[in-house]
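To start, the structure under review is shown below, and the notes come after it.
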């Protein structure tokens, strides 16, 4: 029997995982990637240690996707964190769990894993065509700009795995949005996720402390209270602790109300204890000495108090202790989406069936970050991208096997 021809547009983790599933099921699969190489964001993320998943209890893991957790659950059930580790092991990559619960390849690099993955795909007959940029729907098929010129193809089924809009220099630019909207596919606006925020620092503070980390603090927003660290930047704040709160902070800013991240600069001490220790300090001593001796703070933490707290309150031990325990950092806006680690927004779930096919365009499926979901850093993003890629691959296979007619209802 002639193999079904399947086109995957986008060579990131979601597209590669779908290709693995479909080629293993006996289909002829071709990946069309606009960039010179596939999985460029995957490779860049792996430069500092590729975090492929998380080791926390699975019941907790599946809640990390916010309002889309229930919709993503079937895909995640089909490719759980333990499955990610087994998959990597099958490609010759052993993993380990870090102190934070995050799971990394022992080699701490993405390139060996990606090379093994591509080799497996090619061994299964997957064709990878780079520098092939999708140019939209055309003549009932899909148009591409290629090094050899313009090309139009008519596969039996296709998958879009084009990513969102974060890190656009790596290939994800959301040029596909109007093409889908013109064909009655609902797309929610993209918004930055896992991002930094702007703060109106004074020039003195910015010049002196940009690049300085705030370590061993906790931060509070409507997302809860979490420990960690973050970095002062010339524009504001960024880092893992900020990213953990970014969705809540972004949503707060979108209401046009003031939004702040509340920081506890001395998590190990109560406000009462701090007030007493600060009250014992010599009032004639410098502020830096009083805070260092009474609260154990110095450097950027002391400077942050001076930057954000009222000078009168800094002289009062009780009010100073309150600021140390709950210092609001006023935010003005998220950093641009092009700088964000990931994004929210994308194809709305109501536009997809349970097999990840677009309701308005039978035969066309979608997966990965171009769908409307978000997650914190920590392995959740990559796991969900691969899980939706696998789920879409299964959906394509099931749809092809159930069809009685080869005719597709493609956009004109």
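In this note's numbering, the protein residues as written are 14 to 425.
Quick reminder that beta carbons are idealized off the backbone N, C-alpha and C, glycines included.
Residue i, buried or exposed, once every other Cβ within 10 Å from all chains shown has been counted against 16
| i | result |
| --- | --- |
| residue 248 | buried |
| residue 49 | exposed |
| residue 326 | exposed |
| residue 64 | buried |
| residue 121 | exposed |
| residue 195 | exposed |
| residue 207 | buried |
| residue 299 | exposed |
| residue 163 | exposed |
| residue 176 | buried |
| residue 310 | buried |
| residue 182 | exposed |
| residue 89 | buried |
| residue 401 | buried |
| residue 280 | exposed |
| residue 132 | exposed |
| residue 419 | In this prediction, residue 419 scores a pLDDT of 48, lower than 50, which makes its location untrustworthy; the coordinate-derived value is nonetheless stated afterwards. Its Cβ having fewer than 16 others within 10 Å, residue 419 is exposed. |
| residue 54 | buried |
| residue 70 | exposed |
| residue 355 | buried |
| residue 428 | Here the chain comprises residues numbered 14 to 425, so residue 428 is not present and cannot be evaluated. |
| residue 78 | buried |
Three-state class that DSSP yields for residue i in the structure shown
| i | result |
| --- | --- |
| residue 331 | helix |
| residue 280 | coil |
| residue 75 | coil |
| residue 147 | strand |
| residue 346 | strand |
| residue 382 | helix |
| residue 125 | helix |
| residue 340 | strand |
| residue 68 | coil |
| residue 245 | strand |
| residue 388 | coil |
| residue 257 | helix |
| residue 136 | helix |
| residue 21 | strand |
| residue 131 | helix |
Boundaries of the alpha helix (DSSP H) in which residue i is found, first to last residue
| i | result |
| --- | --- |
| residue 55 | 53–58 |
| residue 286 | 284–292 |
| residue 427 | Because the chain here runs from 14 to 425, residue 427 falls outside it and cannot be looked at. |
| residue 369 | Note, residue 369: premise wrong, no alpha helix (DSSP H); not H, not E. |
| residue 396 | 393–415 |
| residue 267 | It is not in any alpha helix (DSSP H) - residue 267 carries neither H nor E in the DSSP assignment. |
| residue 33 | 26–37 |
Same chain only: Cβ atoms within 8 Å of residue i, ignoring 5 sequence neighbours per side
| i | result |
| --- | --- |
| residue 242 | 226, 227, 228, 229, 230, 252, 253, 254 |
| residue 186 | 178 |
| residue 213 | 343, 345 |
| residue 410 | 34, 35, 38, 40 |
| residue 404 | 87, 88, 91, 92, 368, 369, 380 |
| residue 422 | Its pLDDT being 48, under 50, residue 422 is placed unreliably by the model, and the measurement read from it follows with that caveat. 374, 375, 376, listed in sequence order. |
Chain-order list of residues whose beta-carbon lies under 6 Å from that of residue i (same chain, five-residue window excluded)
| i | result |
| --- | --- |
| residue 7 | Residue coverage of the chain in this structure runs from 14 to 425, which leaves residue 7 outside it and unanswerable. |
| residue 59 | 122, 123 |
| residue 275 | 233, 339, 341 |
| residue 81 | 386 |
| residue 235 | 261 |
| residue 139 | 32, 36, 42 |
| residue 373 | 196, 197, 198 |
| residue 62 | 117, 121 |
| residue 347 | 205, 208, 210, 263 |
| residue 320 | 218 |
| residue 149 | 156, 192 |
| residue 304 | 310, 315 |
| residue 256 | 207, 390 |
7 Å CB neighbourhood of residue i in its chain, flanking five on each side removed
| i | result |
| --- | --- |
| residue 67 | 74, 94, 114, 115, 116, 391, 392, 393 |
| residue 216 | none |
| residue 222 | 245, 313, 316 |
| residue 331 | 288 |
| residue 20 | 43, 45, 155, 166, 168, 171 |
| residue 292 | 330 |
| residue 335 | 284 |
| residue 427 | Residue 427 is absent from the structure shown; the chain starts at 14 and stops at 425. |
Enclosing beta strand (DSSP E) for residue i [first to last residue]
| i | result |
| --- | --- |
| residue 44 | 41–46 |
| residue 170 | 170–173 |
| residue 164 | 162–166 |
| residue 249 | 249–251 |
| residue 62 | Counting along the chain, residue 62 falls outside any beta strand (DSSP E), and DSSP gives it neither H nor E. |
| residue 361 | No beta strand (DSSP E) contains residue 361, which DSSP labels as neither H nor E. |
| residue 159 | 154–159 |
*Counting only runs of 3+ residues fully inside the segment 81–123, write out the beta strand (DSSP E) ranges in chain order.*
108–110, 115–118
*Give, in chain order, every unbroken run of the beta strand (DSSP E) that is at least 3 residues long and sits entirely within the segment 189–241.*
200–206, 226–234
*Which parts of the segment 292–330 are runs of the alpha helix (DSSP H), unbroken and 4 residues or longer, counting only runs that do not cross its ends?*
300–308, 312–321, 324–328
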